[in-house]
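K.L.:
Got a structure here, written out as structure tokens. Questions coming.
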Amino acid sequence: MARPTHQDHPDALRRRLLGASAGAVFLGALPGASLGQAPGSGAFDWKRFKGEKIEIFLVKSPRGDLLTKFHKEFEDLTGISVGSEMVPEQQQRQKAVIEFNSGNPSFDVIALSYHVQKRQFAKNNWLTDLRPMIADKSLADPALDFADFAQGGLNYAVEPDGRVNSLPLNLDPWVVYYNKELFDAKGIAFPKTFAEMQDAAARLTDSGKGVAGFVARGLKNANVPVWTSFLLGYGGSFIDGKGKLLTDSSEAIDAGKMYQVMLGKYGPPGVAGFNWNESQSLFLQGKAAMWLDGIGFAQPLEDPTKSRVVGKVGYGVMPAGPKRQVSALFGDGEGISTYSKKKGPAWFYLQWASNKMNQTRMLQAAAGAPVRNSAYAAAQSSSDFKAPKQWVECMLTSARIAQPGLPVISPVTEFRDVFGVALTNMINGADPAAELKKATADFQPVLDKSEKA
Amino acid sequence: MNSSALPTVSRPGFLARRRRAYYIFAVPALFVVGAVIIFPWLFTVWMSAFDWRIGSVAHFVGLENYVKLATNQRFLESIVHTFYFTLLAVIFPLILGTAAALIFHREFPFRGVLRGVFTMPMMATPVAVALVWTMMFHPQQGVLNYLLSLIGLPPSLWVYSQTLVIPSLVLVEVWHWTPLVMLIVLGGLAALPTEPYESAKLDGATEWQLFRYITLPLLAPFLIVAAVIRTIDALKAFDTIYVISQGGPGTASETINLYLYLQAFAFYNVGNASAVVVVFFVIILALALVLLHVREKTKWV
Chain Y
0 MARPTHQDHP DALRRRLLGA SAGAVFLGAL PGASLGQAPG SGAFDWKRFK
50 GEKIEIFLVK SPRGDLLTKF HKEFEDLTGI SVGSEMVPEQ QQRQKAVIEF
100 NSGNPSFDVI ALSYHVQKRQ FAKNNWLTDL RPMIADKSLA DPALDFADFA
150 QGGLNYAVEP DGRVNSLPLN LDPWVVYYNK ELFDAKGIAF PKTFAEMQDA
200 AARLTDSGKG VAGFVARGLK NANVPVWTSF LLGYGGSFID GKGKLLTDSS
250 EAIDAGKMYQ VMLGKYGPPG VAGFNWNESQ SLFLQGKAAM WLDGIGFAQP
300 LEDPTKSRVV GKVGYGVMPA GPKRQVSALF GDGEGISTYS KKKGPAWFYL
350 QWASNKMNQT RMLQAAAGAP VRNSAYAAAQ SSSDFKAPKQ WVECMLTSAR
400 IAQPGLPVIS PVTEFRDVFG VALTNMINGA DPAAELKKAT ADFQPVLDKS
450 EKA
Chain E
0 MNSSALPTVS RPGFLARRRR AYYIFAVPAL FVVGAVIIFP WLFTVWMSAF
50 DWRIGSVAHF VGLENYVKLA TNQRFLESIV HTFYFTLLAV IFPLILGTAA
100 ALIFHREFPF RGVLRGVFTM PMMATPVAVA LVWTMMFHPQ QGVLNYLLSL
150 IGLPPSLWVY SQTLVIPSLV LVEVWHWTPL VMLIVLGGLA ALPTEPYESA
200 KLDGATEWQL FRYITLPLLA PFLIVAAVIR TIDALKAFDT IYVISQGGPG
250 TASETINLYL YLQAFAFYNV GNASAVVVVF FVIILALALV LLHVREKTKW
300 V
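Keeping their order, the protein sequence lines are chains Y and E. Numbered per numbering that gives the first Met the number 0, the first sequence finishes at 452, counting up by one with no gaps. Numbered per numbering that gives the first Met the number 0, the second sequence finishes at 300, counting up by one with no gaps.
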């Protein structure tokens with residue numbers, strides 16, 4: 000809390016954001032209750048920056064596609080013309096670093112994935128603090144309504160020093176997909192705790208029939224969120240206040256042991272090389288009883304042309320660990336380049352992109368899980384919304400208990416790589432304590448350097 | 000471009016002027032070589048002396064990056080992986096390609112069509128090939144394990160096993176690039192003289208003797224060319240490995256290229272990555288010298 004604010008509860012992010020938007024929306028803002036205003040209606044002057052042109056830099060994904068498809072709507076609403084570029088995730092991350100480093104990036108608005116880019120962007124001051132614009136009533140649409148945003152998303156948008164660098168768009172909490180048919184056949188209920196989860200995995204594993212009790216990512220780098228999902232439940236965390244890694248703590252080692260048992264013992268053969276796609280195809284074939292991964296896979300699982308488990312998939316909230324029940328969270332949003340000369344129009348774009356209509360569309364197109372709570376009610380009321388009710392419930396519950404699934408640091412890719420190798424080694428029988436000790440020792444200097452420079 | 004040798008030329012005559020004119024013609028070539036080869040190269044060496052991550056300030060550290068590499072277990076293992084992969088990915092296509100060439104060199108029905116079919120893998124995009132093979136390797140749903148089960152063999156883990164991953168990746172490489180070796184050797188076979196065979200047959204040589212003592216020595220220069228091309232390709236292999244295993248499981252198939260990519264483009268660790276490039280360059284240079292030496296010798300086989 001570097002900067003004292005005027006509220007009574009300076010540690011409540013939601014309050015702070017609400018304070019910034021003058022508290023106007025606080026009262027009527029229960030999820031689903033405030034439908035806000037349709038864009039363009041009311042007193043808010045969307046045409047203020049008519050004739051300007053802004054550049055948007057997005058990630059090639061269903062969400063990027065969806066926004067791009069409706070850019071015309073934004074142009075009609077505001078009279079601002081939009082140029083956009085979409086590149087695949089890895090390339091977007093590389094290009095962002097290079098462009099920002101040049102001091103003259105080609106874009107005004109940039110999409111960022113919080114678990115990879117948040118700390119990097121904040122540390123280098125690459126994004127504009129949105130607070131002055133949020134507070135300025137002539138610039139902030141009353142329908143912006145932060146009370147409608149899920150807490151996990153707001154946590155991501157706000158920096159430790161209170162800066163608001165972005166608006167969140169999409170949340171990706173980790174959940175447990177489970178095969179109801181396999182569970183019912185053995186008369187097992189969906190586990191509520193880690194202990195029950197291990198027990199269920201043990202009873203559901205049937206190597207004779209090629210059924211794995213549990214499947215999740217074993218491939219290095221990709222596998223780290225699986226372990227952090229356990230770590231958070233054991234009450235562990237990543238880094239202490241002084242920047243020292245806590246990744247060889249007893250909680251971390253317990254999580255490592257759980258990872259080793261769940262994947263090494265109850266996982267399918269070869270799981271050490273599995274990314275989400277191998278896990279998905281196994282689950283789709285009905286050959287895995289539980290699958291821990293991000294929430295975005297309902298569409299293929301319920302698609303009869305791809306899936307043998309249509310209608311049999313349960314969407315379970317991550318079971319509670321010995322200390323806490325936490326769903327590891329990932330997410331992405333959009334921010335404004337600090338070098339942009341068109342911050343006003345760019346801010347308008349951010350508000351439009353995160354408005355309720357776009358958030359509802361995202362859900363309807365199964366392009367992601369929106370940050371706005373109201374989008375769920377809106378999407379469910381439409382007749383062509385196909386996601387099962389349990390999925391929506393799972394999403395809302397998970398978002399409530401969500402915490403960042405990766406440490407918010409600059410060298411997050413290297414973190415994932417170093418610990419990813421340790422985890423893969425565990426699947427192949429290495430000692431969790433020794434592996435984590437080594438990985439922590441390897442990574443601590445990298446982290447120290449990144450925060451010093 | 001003004002040569003320092005010029006003032007020492009005592010006779011400012013026609014020859015000296017003509018010699019000066021020669022230099023001017025070399026300028027464009029020198030410029031291009033300087034801009035696209037020498038400058039980047041020197042710049043890489045220069046960067047390798049810095050501790051520099053994109054986004055932070057660079058510090059001069061001299062040879063520290065190299066010292067760290069020399070003790071970096073993961074980097075040293077990546078060199079071993081690179082050699083292991085290269086060795087297998089050169090030898091197998093060479094043997095199979097030569098065998099295929101010998102078969103397709105004979106006359107038989109539909110030879111042209113079959114030869115065309117055989118060379119088709121070469122035309123496929125490596126990333127697409129890698130994606131298809133990834134699906135075929137899947138330990139539970141992959142077609143390869145299904146085929147093994149048909150002939151009563153137990154399933155294999157292929158690229159999902161730390162010990163099998165490199166041989167499995169080589170399998171893709173072999174499928175993809177054996178046709179290239181075949182084409183080179185086929186060209187060689189077509190150019191062989193027929194007289195030695197005729198006289199050897201008169202002397203009662205067997206098929207194996209014909210191959211061992213006539214075909215193979217005469218083909219040697221072509222085989223060396225194929226080996227050189229395959230070695231270059233295998234050393235720089237990246238796309239197939241990156242798509243199929245990403246260097247995994249763990250680091251079991253991490254070659255120098257993959258390690259380099261991680262350092263440079265995932266960790267933005269430019270100083271260290273430059274040092275890796277320099278070491279890799281020295282290794283390639285040494286290997287190239289060995290191959291050139293072998294090639295010189297085979298001319299006299």
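Positions of the beta carbon are idealized from the N, C-alpha and C atoms, including for glycine. Keep in mind the model is a prediction, meaning the values are calculated, not measured.
Output yes if chain Y places a C-beta closer than 8 Å to the C-beta of F237 of chain E; else output no.
P.N.:
Output row for F237 of chain E: interface = no.
K.L.:
Going by Cα to Cα distance, which pick from Y:A200, Y:Y177, Y:Q150, Y:P387 is closest to L283 of chain Y?
P.N.:
Ranking Y:A200, Y:Y177, Y:Q150, Y:P387 by Cα distance to L283 of chain Y puts Y:Y177 first.
K.L.:
Answer yes or no: does any C-beta atom of chain E fall closer than 8 Å to that of N100 of chain Y?
P.N.:
Yes, contact with chain E.
K.L.:
Mind checking D50 of chain E: buried by the 16 CB within 10 Å criterion, or exposed?
P.N.:
Looking at its Cβ environment, which holds 16 or more other Cβ atoms inside 10 Å, D50 of chain E is buried.
K.L.:
Since A535 of chain Y sits in a beta bridge, which residues does DSSP pair it with?
P.N.:
Residue numbering for chain Y in the displayed model covers 0 to 452; residue 535 of chain Y lies beyond these limits and cannot be assessed.
K.L.:
Does any residue of chain E have a CB that is nearer than 8 Å to the CB of S280 of chain Y?
P.N.:
True, the Cβ-Cβ gap to chain E drops below 8 Å.
K.L.:
Cβ atoms of E392 of chain Y and G255 of chain Y: under 8 Å apart, would you say?
P.N.:
No, the Cβ-Cβ distance between G255 of chain Y and E392 of chain Y is not below 8 Å.
K.L.:
Run the CB neighbour count on W173 of chain Y, radius 10 Å, all protein chains shown included, and call it buried at 16 or more, exposed below.
P.N.:
Classification of W173 of chain Y: buried, given that the 10 Å Cβ count is 16 or more.
K.L.:
So with Cβ pairs under 8 Å, would you call H137 of chain E a contact of chain Y?
P.N.:
Chain Y, which has a Cβ nearer than 8 Å to the Cβ of H137 of chain E, makes this yes.
K.L.:
Would DSSP call A287 of chain Y helix, strand or coil?
P.N.:
Correct three-state label for A287 of chain Y: strand.
K.L.:
Beta strand (DSSP E) containing E175 of chain Y: first to last residue?
P.N.:
One point to set straight first is that residue 175 of chain Y is Val, not Glu, in the sequence displayed. Element bounds for V175 of chain Y: 165–178.
K.L.:
Contact defined as beta carbons within less than 8 Å: I believe G293 of chain Y pairs with F329 of chain Y. What is the distance between those atoms, to the nearest angstrom?
P.N.:
With 8 Å as the limit, G293 of chain Y and F329 of chain Y qualify as a contact, their Cβ atoms being about 7 Å apart.
K.L.:
On the DSSP letters alone, give me the boundaries of the alpha helix (DSSP H) that V86 of chain Y sits inside.
P.N.:
Here V86 of chain Y belongs to no alpha helix (DSSP H); instead the beta strand (DSSP E) covers 80–86.
K.L.:
Which value, in whole angstroms, describes the spacing of the CA atoms of L290 of chain E and V227 of chain E?
P.N.:
Rounded to whole angstroms, L290 of chain E to V227 of chain E spans 7 Å at the Cα level.
K.L.:
Reducing DSSP to helix, strand and coil, say where Q161 of chain E ends up.
P.N.:
In this structure, Q161 of chain E counts as coil in the three-state DSSP scheme.
K.L.:
State buried or exposed for T17 of chain E, treating a residue as buried only when at least 16 other CB atoms are found within 10 Å of its CB.
P.N.:
It is Arg, not Thr, that sits at residue 17 of chain E in the sequence shown. The residue in question, R17 of chain E, is exposed, as its Cβ has fewer than 16 Cβ neighbours within 10 Å.
K.L.:
Below 8 Å on C-beta distance, what does I53 of chain E contact in chain Y?
P.N.:
The answer, in chain order, is V96, I97, N100.
K.L.:
Using a Cβ-Cβ cut-off of less than 7 Å, give me the residues of the region 140–157 of chain E that come near chain Y, in sequence order.
P.N.:
Against chain Y - using a Cβ distance shorter than 7 Å - the residues of the region 140–157 of chain E are Q140, L156.
K.L.:
What would DSSP say about A401 of chain Y, mapped onto helix, strand or coil?
P.N.:
DSSP places A401 of chain Y in strand when its eight states are reduced to three.
K.L.:
Please report how far the alpha carbon of T304 of chain Y lies from the alpha carbon of S280 of chain Y, in whole angstroms.
P.N.:
Their backbone Cα atoms lie some 13 Å apart in a straight line.
K.L.:
Any beta carbon of chain E sitting closer than 8 Å to that of K59 of chain Y?
P.N.:
No - not a single Cβ of chain E is within 8 Å of the one on K59 of chain Y.
K.L.:
Which first and last residues belong to the alpha helix (DSSP H) in which G111 of chain E is found?
P.N.:
Element bounds for G111 of chain E: 110–117.
K.L.:
Measuring CB to CB, does L87 of chain E end up less than 8 Å from P178 of chain E?
P.N.:
No, the Cβ-Cβ distance between L87 of chain E and P178 of chain E is not below 8 Å.
K.L.:
Secondary structure at D247 of chain Y, three-state DSSP: helix, strand or coil?
P.N.:
Note: D247 of chain Y maps to coil in three-state DSSP.
K.L.:
Going by beta-carbon coordinates alone, are L185 of chain E and L93 of chain E separated by less than 8 Å?
P.N.:
It is not a contact, given that the beta carbons lie outside the stated cut-off.
K.L.:
Taking the alpha-carbon of R105 of chain E as reference, which of E:A189, E:N144, E:V60 has the nearest alpha-carbon?
P.N.:
The candidate whose alpha carbon is nearest that of R105 of chain E is E:A189.
K.L.:
Check whether the Cβ atoms of I238 of chain Y and L245 of chain Y lie closer than 8 Å to each other.
P.N.:
In this structure, L245 of chain Y lies closer than 8 Å to I238 of chain Y by Cβ.
K.L.:
Between the alpha carbons of M132 of chain Y and G240 of chain Y, how many angstroms are there, rounded?
P.N.:
Cα to Cα, the separation comes out at about 31 Å.
K.L.:
Counting beta carbon pairs with one atom in the region 92–107 of chain Y and one in the region 308–320 of chain Y, are three or more of them shorter than 8 Å?
P.N.:
Touching, no.
K.L.:
Establish whether the CB of T284 of chain Y and some CB of chain E are separated by less than 8 Å.
P.N.:
The sequence as given places Gln at residue 284 of chain Y; Thr does not occur at that position. True, the Cβ-Cβ gap to chain E drops below 8 Å.
K.L.:
Buried or exposed: where does E295 of chain E fall if 16 or more other Cβ atoms within 10 Å of its Cβ makes it buried?
P.N.:
So E295 of chain E counts as exposed.
K.L.:
How would you call Y260 of chain E, buried or exposed, if buried means at least 16 neighbouring beta carbons within 10 angstroms?
P.N.:
Looking at its Cβ environment, which holds 16 or more other Cβ atoms inside 10 Å, Y260 of chain E is buried.
K.L.:
Please work out which residues of its chain come closer than 6 Å, Cβ to Cβ, to Y375 of chain Y, disregarding the five sequence neighbours upstream and downstream, and give them in chain order.
P.N.:
Contacts found: V391.
K.L.:
Taking I240 of chain E as part of the alpha helix (DSSP H), name the residues at either end of that continuous run.
P.N.:
Segment 238–243, the alpha helix (DSSP H) holding I240 of chain E.
K.L.:
Mind listing the chain E neighbours of N424 of chain Y? Cutoff is C-beta to C-beta under 7 Å, in chain order.
P.N.:
The answer, in chain order, is G249.
K.L.:
Determine the direct distance from the alpha carbon of E250 of chain Y to that of G234 of chain Y, and round the result to whole angstroms.
P.N.:
The alpha-carbon atoms of G234 of chain Y and E250 of chain Y are separated by roughly 7 Å.
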